[in-house]
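Okay, structure first, notes after.
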Amino acid sequence: MFRLWYSLDMMYRDTRDASRTVSFRQAVLQGMDSETGGLYIPERIPTLPSSFLNKIPVPSFRDIAFEVSKLFIEEEIPESDLMAIVVDAFPFTAPITPVDPTTYVLELFHGPTCAFKDFGARFMARTMAYFNRSEKEPLHILVATSGDTGSAVGSAFYGVEGIDVTILYPKGKISPLQEKQLSTFDGNVRSLCVEGTFDDCQKLVKTAFTDATLRDTLRLSSANSINISRLLPQSFYYIYGSLLIRDRCPYDSKLDCPSLIVTVPSGNFGNLTSGLLARAMGAPIRGFIAATNANTTVPDWLASGEYTPRSSIATLSNAMDVGAPSNYERIQALYSLNDARQMIAGYWLDDAGTKEAIRSCHDRTGYIIDPHGAVAWKAWDDVRSGAMASMLSGKTTKDGMPGLKGTKNIAPEWARDCADKKCVGMILETAHPAKFGETVRDAIGREPSIPERLERVLSLPDRSQPMNADYTEFKAWLLANL
Ligand SMILES: *Cc1c(COP(=O)(O)O)cnc(C)c1O
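Going by my numbering, the first residue of the sequence shown is number 369, and it counts up by one from there.
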């Protein structure tokens, strides 16, 4: 496309070298800057017009998706094509469920694989296919997965023209339901069951990407969570949810203009980064709680100012088992430590606390929450019921509030409002509880009912193919089968 040097088109810059900028198209197709190893972030964050943010009734999820993506994509995808992408990507939405007068659950599991990653993966699949549409040869996506990402990506690309997907997963190291979700695709999505670990899968994929002779024959691409086209669509539901809550919370809570605090159960921190974008665009969100399991790298960073990536620890909320969160790099490129501390409170919870949280949420509200959402529920419940007040008065963390490690003595800008009970909370429920049925049963004595789309996969035939953790074998397979 013709582009003047002073063009106002949105560009994306490298987190490691701000002078390197690319178009949206390049950012989507490249994923990351292969020379610097940096990730792409928008050069500036556009704001939504107040006429849009104040519309009554609140715009639909798709309307928000369209308006927001227009700001980030500008001329690179014409409006009618963009609308088609939005409609095709989001045949589902993100409903808000109130569970008590000051708590709302934003349900992000209504997509085909019952996890929030559907939002990002489906939008990415369609924008990639769009930018790839004039190529004669198909684009081959290789993904290594330790669980949820693979099914979201496989499902997102399923049936998308011009793109083929190969998923690699470690044999015996993912849950039976996850394996079913990965191994039952046909058509343009294939899966390889690798005799080895997740790291072996990742190594095969990385070696393929750096294999010049293979790349001469096949057009390869990755579809991992660092792609900017997965981050953008996650901002849509923060805007949607926060507008819906602003609309109704004065009636539910009887509070006059309460502040909205959003709790995000986090692993790689892509979801929280999307929330920060939404807030910067004008979503009525006052602050965030970054809630993790025992993988406390980011809460520790907020508490100490030191960022220390480490290896991950296995927990009940396994999609959050990340010791070196990739999107930390984006957060620190967008905000100073001090700015982050003003907006975000850190929180963490161990496995015993997580089970207890599933139980307490169910006992007190009747809502069945999954282990990831449970971490968020407990974080919010502690914060609203005194954690901020004791922090402000300089009291040390009392027993039974293990999570306050990350917030100790560093109160976010909104702490006073919470202590004064002028806040309402939005919890992100990132997966359907039926995906973690056993843990839920342990906690509350019964299993959540399984949505039909999950049940259906259970009866499909397994089509995965065995593969050794051996690059020569993997390469030969790729050349023979793609
Ligand atoms: C991936 C995932 C998360 C973590 O999201 P990040 O963007 O990596 O922080 C949380 N919950 C569930 C269910 C997930 O699948």
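Cβ coordinates follow ideal geometry from the N, Cα and C atoms, glycine included.
Item to complete: Please say whether G691 and T665 have beta carbons closer to each other than 8 Å?
Response: To locate residue 665, count along the sequence shown from 1; it is residue 297. To locate residue 691, count along the sequence shown from 1; it is residue 323. It is a contact, given that the beta carbons lie within the stated cut-off.
Worksheet item: For V511, which residues from the same chain have a beta carbon less than 6 Å from its beta carbon, with the 5 sequence-adjacent residues on both sides left out?
Response: As a working mapping, residue 511 is identified with position 143 in the sequence shown. The answer, listed in chain order, is G518, V521, I535, A591.
Discussion item. Does D385 pass the burial test, meaning 16 or more other C-beta atoms within 10 Å, or should it be called exposed?
Written reply: For the purposes of this step, residue 385 is taken as residue 17 along the sequence shown, with counting starting at 1. D385 is exposed by the Cβ-count criterion.
Practice prompt. Put N422 into one of helix, strand or coil per three-state DSSP.
Written response: Here residue 422 refers to the residue found at position 54 when the sequence shown is read from its first residue. Here N422 sits in coil by DSSP.
Item to complete: Check whether the Cβ of S543 sits closer than 7 Å to any heavy atom of ligand 1, and report yes or no.
Response: Residue numbering aside, residue 543 sits at position 175 when the sequence shown is read from its first letter. No, ligand 1 has no heavy atom inside 7 Å of this Cβ.
Worksheet entry | Continuous alpha helix (DSSP H) stretch holding T534: start and end | For the purposes of this step, residue 534 is identified with residue 166 of the sequence shown, where counting begins at 1. No alpha helix (DSSP H) holds T534; the beta strand (DSSP E) holding it covers 531-538.
Worksheet item: Would the beta-carbon of D377 be found less than 7 Å away from any heavy atom of ligand 1?
Response: The residue you call residue 377 lines up with position 9 of the sequence shown. No, the beta carbon of D377 sits no closer than 7 Å to any heavy atom of ligand 1.
Worksheet item: Would DSSP call T664 helix, strand or coil?
Response: To locate residue 664, count along the sequence shown from 1; it is residue 296. Residue state, collapsed to three classes: coil.
Worksheet item: Does the beta-carbon distance from P618 to D624 come in below 8 Å?
Response: Within the sequence shown, the letter at position 250 stands for residue 618. Within the sequence shown, the letter at position 256 stands for residue 624. Contact flag set, yes.
Discussion item. On the CB-based measure, 16 or more other CB atoms within 10 Å of its CB, does G813 come out buried or exposed?
Written reply: For the purposes of this step, residue 813 is identified with residue 445 of the sequence shown, where counting begins at 1. That one is exposed.
Worksheet item: Would the beta-carbon of V396 fall within 8 Å of that of F484?
Response: Residue 396 sits at position 28 when you count from the first residue of the sequence shown. Residue 484 sits at position 116 when you count from the first residue of the sequence shown. No, the Cβ-Cβ distance between V396 and F484 is not below 8 Å.
Practice prompt. Look at the alpha carbon of L421 and the alpha carbon of F434, and state the distance between them as a whole number of angstroms.
Written response: In the sequence shown, residue 421 corresponds to position 53, counting from 1. In the sequence shown, residue 434 corresponds to position 66, counting from 1. Rounded to the nearest angstrom, the two C-alpha atoms are 14 Å apart.
Discussion item. Taking 6 Å as the limit between beta carbons, can you name the residues of its chain near P463, skipping five residues before and five after?
Written reply: Locating residue 463 in the sequence shown gives position 95, counting from the first residue. Within the same chain, P463 has close Cβ partners E475.
Worksheet item: Where does E797 land, buried or exposed, given buried means 16+ other C-beta within 10 angstroms?
Response: Start at 1 with the first residue of the sequence shown, and residue 797 comes out as number 429. The residue is buried, with at least 16 neighbouring Cβ atoms inside 10 Å.
Fill in: Three CB pairs or more closer than 8 Å across the stretch 749-758 and the stretch 785-799
yes
Discussion item. Does D382 come out as helix, strand or coil in the three-state DSSP assignment?
Written reply: Indexing the sequence shown from 1 puts residue 382 at position 14. Note: D382 maps to strand in three-state DSSP.
Practice prompt. Look at the alpha carbon of G406 and the alpha carbon of Y703, and state the distance between them as a whole number of angstroms.
Written response: Along the sequence shown, one-based indexing puts residue 406 at 38. Along the sequence shown, one-based indexing puts residue 703 at 335. C-alpha separation (whole angstroms): 16 Å.
Worksheet item: In its own chain, which residues sit with a C-beta less than 6 Å from the C-beta of S642, not counting the 5 before and 5 after it?
Response: Indexing the sequence shown from 1 puts residue 642 at position 274. Counting only Cβ-Cβ distances below 6 Å, and skipping sequence neighbours, we find L599, Q602, S603.
Discussion item. DSSP has F656 in a bridge; who is on the other side?
Written reply: For the purposes of this step, residue 656 is taken as the residue at position 288 of the sequence shown. V630, I712, per the DSSP bridge assignment.
Discussion item. What residue range does the beta strand (DSSP E) around A512 cover?
Written reply: Counting from 1 along the sequence shown, the entry for residue 512 is found at position 144. It spans 507-512 - the beta strand (DSSP E) in which A512 sits, taken as one unbroken run.
Worksheet item: Shortest alpha-carbon distance to E724 belongs to which of D707, L705, A744?
Response: Residue mapping note: residue 724 aligns to position 356 of the sequence shown, counting from 1. Closest by alpha carbon: A744.
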